[in-house]
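First up is the structure itself, then whatever we jot down about it.
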Ligand code: EPS
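Numbering (this note's numbering), first residue to last: 4 to 367.
Here's what the structure looks like:
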């Protein structure tokens, strides 16, 4: 009813607010026997965290995971895995000016209308702080997918405002704060972000995610299609306004003779479909892309209304991201991994006896 959980055989429930004592999640349905320790979460949480570069929010959280249940002697037990992260650097006074008004383009207004009460401190439940737990849950899925199916999920920033990559190198992606695939453009991105921060404005972004090694067969037609569940999972990330699978909206202008991915004994001749046909993985790379809107919390004054409906002006101070897309790559990867693991378990449950059938042509 209140939709703080997703997944069918692997379910993830998150809880907590940005300025509450802690945030957490319960991951249920993970098979027993997966090695899991608090250290497994460190790298991915650091990739998403605030305060690691001048281009993101300067809130400094340690993001240390406590495993409360579901792990015994370093292995998952098949029981619910509860993870907790304590909030240690919330600065609620930054939000005092927002008690009586609503940021344009923020969930402030809609939360108020839905619940009739709101926690304005850091956006409460609507804060991107919640994505920390998606990444934590995603660590489990990534690990299981890698060990059981050699599936690898990775992403990169594919557009920042009007800037697009001029070349592509996976090695560059993890070596800069932007997850950008062309190292030579990093100074250009830094300059753009510095200018934006100075102006007190924000900008949108595109993040692409790729899942390699997904075998054919994952996805449940018709209401549990792999692409439908990926779209829902990715769209549930804060600030996401668009999702594409494969060529996405570019397919509108394509002809069937171009869009179709022809089959040859050596493999598929192209991958316009994003590795999903009829809602089921084809064995090709699964490709997704998300559009993130510019952050609504900006220093440039904007028009709003107060609680009495009178016109007022909003200026957001505090520690905000001028581009949330910069930190979104690990979040999108996590959501893709969680959907894939859930679908893999569902495939095992219903069709585990079917086994591989011929012909199986190479993916990629
Ligand atoms: C956020 C606003 C800022 C960010 C926060 C997301 O929160 P605060 O005003 O409390 O500093 O720091 O991001 C995180 C805390 C995080 O861990 O991602 C927002 O409005 O969504």
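Glycine included, every Cβ here is placed at the ideal spot set by N, Cα and C.
These numbers come from a predicted model, not from an experiment.
For secondary structure counted as the alpha helix (DSSP H) over 4 or more consecutive residues, the stretch 101-145 holds these complete runs in sequence order: 111-118. Assignment of residue 78 by DSSP, reduced to helix, strand and coil, places it in the strand class.
For residue 314, the three-state secondary structure derived from DSSP is strand.
Just so you know, the alpha carbons of residue 56 and residue 183 end up roughly 14 Å apart.
Under the DSSP assignment, residue 16 falls in the beta strand (DSSP E) whose first and last residues are 14-19. In this structure, residue 128 sits away from residue 334, with a CB-CB distance that is not shorter than 7 Å. Distance from residue 43 to residue 146 at the Cβ level is roughly 7 Å; contact confirmed, criterion being Cβ atoms closer than 8 Å.
Shortest Cα-Cα distance from residue 290 to any of 68, 52, 212 and 93 involves 212. Within 6 Å of the C-beta of residue 6 there is not a single heavy atom belonging to ligand 1.
DSSP places residue 326 in the coil class of the three-state scheme, outside both helix and strand. Within 6 Å of the C-beta of residue 328 there is not a single heavy atom belonging to ligand 1.
Within a 10 Å sphere around the beta-carbon of residue 235 sit fewer than 16 other beta-carbons, which makes this residue exposed. Per the DSSP secondary-structure output, residue 162 pairs in a beta bridge with 209. Judged by DSSP in its simplified three-state form, residue 157 adopts strand.
In the DSSP assignment, residue 70 falls within the beta strand (DSSP E) that extends over 68-72. Within the same chain, Cβ atoms closer than 7 Å to the Cβ of residue 162 are found at 208 and 209, the five residues on either side in sequence being excluded. Between ligand 1 and residue 322, a heavy atom-to-CB distance of less than 6 Å is present. DSSP, reduced to helix, strand and coil, places residue 177 outside both helices and strands of the structure shown, so it counts as coil. When distances are taken from the beta-carbon of residue 56 to the heavy atoms of ligand 1, even the shortest one reaches 6 Å or more. Looking at the backbone, the Cα of residue 363 and that of residue 341 are separated by about 25 Å.
Taking C-beta atoms as the reference points, residue 85 and residue 72 count as a pair closer than 7 Å. Looking from the CA of residue 191, the closest CA among 254, 164, 366 and 177 belongs to 164.
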